[in-house]
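There are 2 protein chains.
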Amino acid sequence: MADKNEHRKDHDRLAEDRLMGLARRLYSQFVDGDVPSVNMPTRTKNNLEYSEKSDVWVYGDRESERSAKTVKGAFQLLKTSHVIDFLVKNHLASNRGSTLRELYYISENWGIGKFREQPESDRLIEDLEVITSLQREYFHMRPEEDGATMFGPIRIQEETKRGNRIIHCQEDVGESGYQIPFNVENIDFIDHDAKFIIAIETGGMYARLIENGFDEEYNAILVHLKGQPARSTRRLIKRMNEELGIPVVVFTDGDPWSYRIYASVAYGAIKTAHLSEFMATPAAKFVGVQPSDIVEYELSTDKLTDKDVDALRSELTDPRFDTDYWKEQIKLQLEIKKKAEQQAFAGKGLDFVTKTYLPNRLSDMGVI
Amino acid sequence: MADKNEHRKDHDRLAEDRLMGLARRLYSQFVDGDVPSVNMPTRTKNNLEYSEKSDVWVYGDRESERSAKTVKGAFQLLKTSHVIDFLVKNHLASNRGSTLRELYYISENWGIGKFREQPESDRLIEDLEVITSLQREYFHMRPEEDGATMFGPIRIQEETKRGNRIIHCQEDVGESGYQIPFNVENIDFIDHDAKFIIAIETGGMYARLIENGFDEEYNAILVHLKGQPARSTRRLIKRMNEELGIPVVVFTDGDPWSYRIYASVAYGAIKTAHLSEFMATPAAKFVGVQPSDIVEYELSTDKLTDKDVDALRSELTDPRFDTDYWKEQIKLQLEIKKKAEQQAFAGKGLDFVTKTYLPNRLSDMGVI
Numbered sequence: 000m001a002d003k004n005e006h007r008k009d010h011d012r013l014a015e016d017r018l019m020g021l022a023r024r025l026y027s028q029f030v031d032g033d034v035p036s037v038n039m040p041t042r043t044k045n046n047l048e049y050s051e052k053s054d055v056w057v058y059g060d061r062e063s064e065r066s067a068k069t070v071k072g073a074f075q076l077l078k079t080s081h082v083i084d085f086l087v088k089n090h091l092a093s094n095r096g097s098t099l100r101e102l103y104y105i106s107e108n109w110g111i112g113k114f115r116e117q118p119e120s121d122r123l124i125e126d127l128e129v130i131t132s133l134q135r136e137y138f139h140m141r142p143e144e145d146g147a148t149m150f151g152p153i154r155i156q157e158e159t160k161r162g163n164r165i166i167h168c169q170e171d172v173g174e175s176g177y178q179i180p181f182n183v184e185n186i187d188f189i190d191h192d193a194k195f196i197i198a199i200e201t202g203g204m205y206a207r208l209i210e211n212g213f214d215e216e217y218n219a220i221l222v223h224l225k226g227q228p229a230r231s232t233r234r235l236i237k238r239m240n241e242e243l244g245i246p247v248v249v250f251t252d253g254d255p256w257s258y259r260i261y262a263s264v265a266y267g268a269i270k271t272a273h274l275s276e277f278m279a280t281p282a283a284k285f286v287g288v289q290p291s292d293i294v295e296y297e298l299s300t301d302k303l304t305d306k307d308v309d310a311l312r313s314e315l316t317d318p319r320f321d322t323d324y325w326k327e328q329i330k331l332q333l334e335i336k337k338k339a340e341q342q343a344f345a346g347k348g349l350d351f352v353t354k355t356y357l358p359n360r361l362s363d364m365g366v367i
Numbered sequence: 000m001a002d003k004n005e006h007r008k009d010h011d012r013l014a015e016d017r018l019m020g021l022a023r024r025l026y027s028q029f030v031d032g033d034v035p036s037v038n039m040p041t042r043t044k045n046n047l048e049y050s051e052k053s054d055v056w057v058y059g060d061r062e063s064e065r066s067a068k069t070v071k072g073a074f075q076l077l078k079t080s081h082v083i084d085f086l087v088k089n090h091l092a093s094n095r096g097s098t099l100r101e102l103y104y105i106s107e108n109w110g111i112g113k114f115r116e117q118p119e120s121d122r123l124i125e126d127l128e129v130i131t132s133l134q135r136e137y138f139h140m141r142p143e144e145d146g147a148t149m150f151g152p153i154r155i156q157e158e159t160k161r162g163n164r165i166i167h168c169q170e171d172v173g174e175s176g177y178q179i180p181f182n183v184e185n186i187d188f189i190d191h192d193a194k195f196i197i198a199i200e201t202g203g204m205y206a207r208l209i210e211n212g213f214d215e216e217y218n219a220i221l222v223h224l225k226g227q228p229a230r231s232t233r234r235l236i237k238r239m240n241e242e243l244g245i246p247v248v249v250f251t252d253g254d255p256w257s258y259r260i261y262a263s264v265a266y267g268a269i270k271t272a273h274l275s276e277f278m279a280t281p282a283a284k285f286v287g288v289q290p291s292d293i294v295e296y297e298l299s300t301d302k303l304t305d306k307d308v309d310a311l312r313s314e315l316t317d318p319r320f321d322t323d324y325w326k327e328q329i330k331l332q333l334e335i336k337k338k339a340e341q342q343a344f345a346g347k348g349l350d351f352v353t354k355t356y357l358p359n360r361l362s363d364m365g366v367i
């Protein structure tokens, strides 16, 4: 296992090279008497393509230009230069980090280069991610939202500023599990006994599986997604799947918004399409709650709202759900006009989900 | 330190006694030929009183009666009996737990006693909390929302179903800290070196204080509240304050919603007034961001919205803010018509908040 400090230094060097590369390009343009400009893929919905090859959402061929020939473009390049300067000196050289929000405030010191509003600052960081092909974690940019918690038969080493921490995600953690940090590039996998990873939408179901000992009985790593999963969560699931070869299944409520949670784990999210190859786990499979489960197990349900129906219809034309399986399931749901929560299995007893539903479903899927 | 298993068994015994006590009361009424009924404090806003004595919100003298003389009341008592039966047999006797949502689904098995909707189930559990004077954690009822994370010089022992875990909240945790579990009654404090606890509203500021080593430099326990704090968070803060004698300060954004976050830590929340004495920390002090800080430090601000203004005006007549200090601060904010985030200190440099603002403020407050 390589020395983690080496990994961190490698990442910093790579980030610095690419950021300085961009700075040098702009500088050369000035020196050559050209109007400075930068091209990058357009990040709008109509430039999204579903990549058959990698099974993830990526940007297509349309490009946008940031150019100093317009006042707006000149401001953007000015701010870009300030940000590169800040990231290289205050983050990479000093081993510090900031949130997107802090960056917005930091720009107050840049005179006319100050950000007018938070989203402007966020978009500029996304620009840099796209241009450098590096996640913002490489620039030490932190998100506000939390990562998930994780509980299962895996031992990890997390490099922190205070030294390395070796943590076994059953033996060394409290009942809520291991809190995934902002930057999962600082995690090394030491060993594990896992047969599969199950990513779970709700806290109640995550707690149910822990209480029922599901992780022990089936050698499963449980990941509590906490709704739409944060980048760090998606990235860590991908790393465990690809570096350790552990299969991934996703268990959510049975409604169109939850199917999208599955899709963001498996295929990427539209907002972060430039990073799909870093964060999507195309091999991840959907467990349920399937519409066919609602029928088969006669789960307690709620009626679909108009928004639910619209979302389902929209999924019928969404390439991420363009399989016979999903079309069948979505059409069934539109017929029965019902949705169900994963915790509805409690209606059949506290043990039903771990003694009957999941073993049946995972066995049918060939996971156990 | 008492054996934690003994604590847990004591709690279970207490919960069982009180729940069965209620069941016995109802039974005796049947036997005596009386129409079964239960009285409890009315849980509406106009029955809330500010208790001068304990500095927390409690319920007043108005009572509501649940009585089988009406069909509605009979249903309520029927469901209450089912819930007591379930809690005593499936939770306490079996060392299991459930979420409020699972309880709602479990009621499907109670024939006409089934809950018609989630809020009905939630209210019944609150009824039981009020009648038994015990937090629902004693019945092993779990919430959906997460507790906070904590980072600092304290060693705790958490009793889990898998055995006891001893965790030092700097040395044994990752960079995100220790994830506070659902039920903090299972935590024992082993030792600590803390001079104070600082409860922090935003993830970015929590991460800032960790990165800047504020916990080490000032011997502070950092608690990331994650917005409106969960019960477990408030309860743990209270326990650390009262059992270990560690002072508590609260650091939030500078707007009326954030002042309410402070108030829920210090005085209790209206929704859980029956539990204020378990969860409120009246000794907790407010650090900032104060309106006077916005002026003094010339922080980057946003304009107050109409809702902000209404909230501030409402706080001028809220007994929890009925001090000269708060009246002065709120009036100042209404004058300047601005609000500021805590992360706005980043505008003065990444170290300003830990090298200047907090040391000054905490020194003025007599905390350091």
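Those protein sequences? They're chains A and B, same order as listed.
For the first sequence, numbering that gives the first Met the number 0 gives the first residue as 0, with consecutive numbering after it.
For the second sequence, numbering that gives the first Met the number 0 gives the first residue as 0, with consecutive numbering after it.
Cβ atoms here follow ideal geometry from the backbone N, Cα and C, with glycine treated the same way.
Legend entry - Own chain, CB closer than 6 Å to F114(A), minus 5 neighbours either side, in chain order: Y103, S106 and S120
Legend entry - Cβ neighbour criterion (16 or more within 10 Å) applied to D292(B): buried
Legend entry - For M140(B), the residue or residues it bridges with in DSSP: S97(B)
Legend entry - Helix, strand or coil at V247(B) [DSSP, three-state]: strand
Legend entry - Cβ neighbour criterion (16 or more within 10 Å) applied to G348(B): exposed
Legend entry - Cβ-Cβ distance between L127(A) and F188(A) below 8 Å: No; because the gap between Cβ atoms is not below 8 Å, this pair is not in contact.
Legend entry - chain B within 8 Å of V286(A), Cβ atoms only: no
Legend entry - L47(B) - DSSP class collapsed to helix/strand/coil: In the structure shown, L47(B) falls within a strand segment according to DSSP collapsed to helix, strand and coil.
Inset, instruction - State yes or no: is the C-beta of V82(B) within less than 8 Å of the C-beta of L123(B)? - result: yes
Inset, instruction - Look at R164(A) and V172(B) and say whether their C-beta atoms are less than 8 Å apart. - result: Cβ distance < 8 Å, so R164(A) and V172(B) count as in contact.
Inset, instruction - Let me know the secondary structure DSSP gives D190(B) once reduced to three states. - result: strand
Inset, instruction - Kindly confirm or deny that the stretch 192-211 of chain A and the stretch 189-205 of chain B touch, where touching means at least three C-beta pairs closer than 8 Å. - result: no
Legend entry - Cα-Cα separation between F285(B) and L99(A), rounded to whole angstroms: 26 Å
Inset, instruction - Kindly provide the ranges of any beta strand (DSSP E) runs that are 3 or more residues long and lie completely inside the stretch 257-309 of chain A, ordered along the chain. - result: 284-287
Inset, instruction - Sort A282(B), T322(B) and Q332(B) by Cα distance to D301(B) and report the nearest one. - result: Nearest of A282(B), T322(B) and Q332(B) to D301(B), Cα basis: Q332(B).
Legend entry - Span separating the alpha-carbon of S175(B) from that of V222(B): 11 Å
Legend entry - In chain order, each beta strand (DSSP E) run of at least 3 residues that lies wholly inside the stretch 3-72 of chain A: DSSP assignment within the stretch 3-72 of chain A yields the following whole beta strand (DSSP E) runs of 3 residues or more, N-terminal first: 36-40, 47-50, 55-58 and 62-66.
Legend entry - With 16 other Cβ atoms within 10 Å as the buried cut-off, status of A369(A): Shown here, chain A extends from 0 to 367; a query on residue 369(A) therefore has no answer.
Legend entry - Interface residues of the stretch 90-101 of chain B facing chain A [CB-CB below 7 Å]: R95, G96, S97, T98, R100 and E101
Inset, instruction - Closer than 9 Å, Cβ to Cβ, to anything on chain D: give me those residues from the stretch 290-303 of chain B, in chain order. - result: Among the protein chains of the structure shown, namely A and B, there is no chain D.
Legend entry - Simplified DSSP assignment, three categories, for T79(B): Assigned with DSSP and collapsed to three states, T79(B) falls in helix.
Inset, instruction - Within 10 angstroms of the Cβ of T79(B), are there 16 or more other Cβ atoms? Answer buried if so, exposed if not. - result: buried
Legend entry - Closer than 8 Å to chain B by CB, K8(A): The beta carbon of K8(A) sits no closer than 8 Å to any beta carbon of chain B.
Legend entry - Per-residue DSSP class, three states only, for K336(A): coil
Legend entry - Spatial distance of Y324(A) from F277(A) (CA atoms): 26 Å
Inset, instruction - Going by CA-CA distance only, name the one from E215(A), S53(A) and V288(A) that's closest to I153(A). - result: Measuring from the Cα of I153(A), the nearest candidate turns out to be E215(A).
Inset, instruction - Give a yes or no on whether 8 Å exceeds the smallest Cβ distance from M0(A) to chain B. - result: A caution first: M0(A) carries a pLDDT of 45, below 50, which makes its placement in the model unreliable, though a value can still be read off. Judged by the 8 Å Cβ criterion, M0(A) is not in contact with chain B.
Inset, instruction - Label D305(B) either buried or exposed according to how many other C-beta atoms from any shown protein chain fall within 10 Å of its C-beta, with 16 as the threshold for buried. - result: exposed
Inset, instruction - For the alpha helix (DSSP H) holding E210(B), just list the boundary residues, first then last. - result: G202 to E210
Legend entry - DSSP state of S120(B) mapped onto helix, strand, coil: The answer is helix: DSSP assigns S120(B) an H, G or I state.
Inset, instruction - For P180(A), go through chain B and note every residue whose CB falls closer than 9 Å to its CB, in chain order. - result: G173, E174 and S175
Legend entry - Backbone secondary structure at T322(A) - three-state DSSP: Assigned with DSSP and collapsed to three states, T322(A) falls in coil, not helix or strand.
Legend entry - Presumed contact (8 Å Cβ cut-off) between Y177(A) and M149(A), rounded CB distance: 5 Å
Inset, instruction - Can you give me the Cβ contacts of F85(A) inside the same chain, cut-off strictly under 7 Å, excluding the 5 residues immediately before and after it? - result: I105
Inset, instruction - Output the distance between the C-alpha atoms of G146(B) and H10(B), rounded to the nearest integer angstrom. - result: 21 Å
Legend entry - Helix, strand or coil at T148(A) according to DSSP, with G and I counted as helix: Judged by DSSP in its simplified three-state form, T148(A) adopts strand.
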